[in-house]
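Quick note on full-length UniProt numbering: the sequence shown kicks off at 1 and runs consecutively. The C-beta atom is built at its ideal place from N, Cα and C for all residues, glycine as well. Here the structure is a predicted model, which is why all the values come from computation and not from measurement.
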Amino acid sequence: MLIENDNYAKNVLSKIGYYTLINGYKGLFLRKNDRGNIINPHQYINGTRIEDIVSLYQFDKKLRAILYNGLLSYETILNSELAYRFSEMFPVEYSYLDINNFKHDSDNTVRVLKTISSLTTKMRP
Numbered sequence: 001m002l003i004e005n006d007n008y009a010k011n012v013l014s015k016i017g018y019y020t021l022i023n024g025y026k027g028l029f030l031r032k033n034d035r036g037n038i039i040n041p042h043q044y045i046n047g048t049r050i051e052d053i054v055s056l057y058q059f060d061k062k063l064r065a066i067l068y069n070g071l072l073s074y075e076t077i078l079n080s081e082l083a084y085r086f087s088e089m090f091p092v093e094y095s096y097l098d099i100n101n102f103k104h105d106s107d108n109t110v111r112v113l114k115t116i117s118s119l120t121t122k123m124r125p
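So, in C-alpha cells, the structure goes:
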C-alpha cells in the first residue's frame, strides 16, 4: 500500500483505528490469484493508496447511515401496526401484559405474514 502523506495516514489511523480501517476494508485491495483467492493478506494491488481504503470506509459509513435510517422508519411503522392490531384484538387496557393473549401456533403465522406483507406495501413510495 502506498502512503504518500505520513501525517494523513497517522491522522486517519488515530481517528478510525487500524483494525477498523485496514482489516475491515483491505480485502478489495489485496492481490488475488486467477481463482480470486487472496495471495497474501499483506500484498496489495499495485497502486493501492491508503486514501482508497479510506474512501471505501467513508462510502460504507454513508451507506450504513442510509440503511439505518430506513430501518428506523420501518421499525416505527411495524411498531405502530403491531400495536394497532393487538389493541383491535385485545381492547382492554394493559392486555399486552397478559401472557394468555399471545399464541404460539401455526395459525398465527399466516396472520403475521399478512401483516408483514401489508407493512411492505405501506413502505413502498
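Own chain partners of residue i with C-beta closer than 6 Å, once the 5 adjacent residues on each side are dropped
i, result
"Tyr25", "Ile53, Leu56 and Tyr57"
"Arg49", "Leu2"
Separation of residue j from residue i, as counted between CA atoms
i, j, result
"Val92", "Asn69", "34 Å"
"Asn7", "Leu71", "37 Å"
"Glu81", "Lys103", "18 Å"
"Thr109", "Tyr84", "18 Å"
"Asn11", "Tyr94", "54 Å"
"Tyr32", "Ile39", "As written in the sequence, residue 32 is Lys, which differs from the Tyr given in the question. Between Lys32 and Ile39, the C-alpha separation is close to 5 Å."
Residue from the options whose Cα sits closest to the Cα of residue i
i, options, result
"Gly27", "Asn33, Pro41, Ser14 and Tyr74", "Pro41"
Proximity of residue i and residue j at Cβ, strictly below 7 Å
i, j, result
"Leu119", "Leu67", "no"
Boundaries of the alpha helix (DSSP H) in which residue i is found, first to last residue
i, result
"Asp34", "From DSSP, Asp34 is part of no alpha helix (DSSP H); its letter is neither H nor E."
Cut-off 7 Å between Cβ atoms - residues of its own chain near residue i, not counting five sequence neighbours on either side
i, result
"Phe29", "Tyr44, Ile45, Thr48, Asp52 and Ile53"
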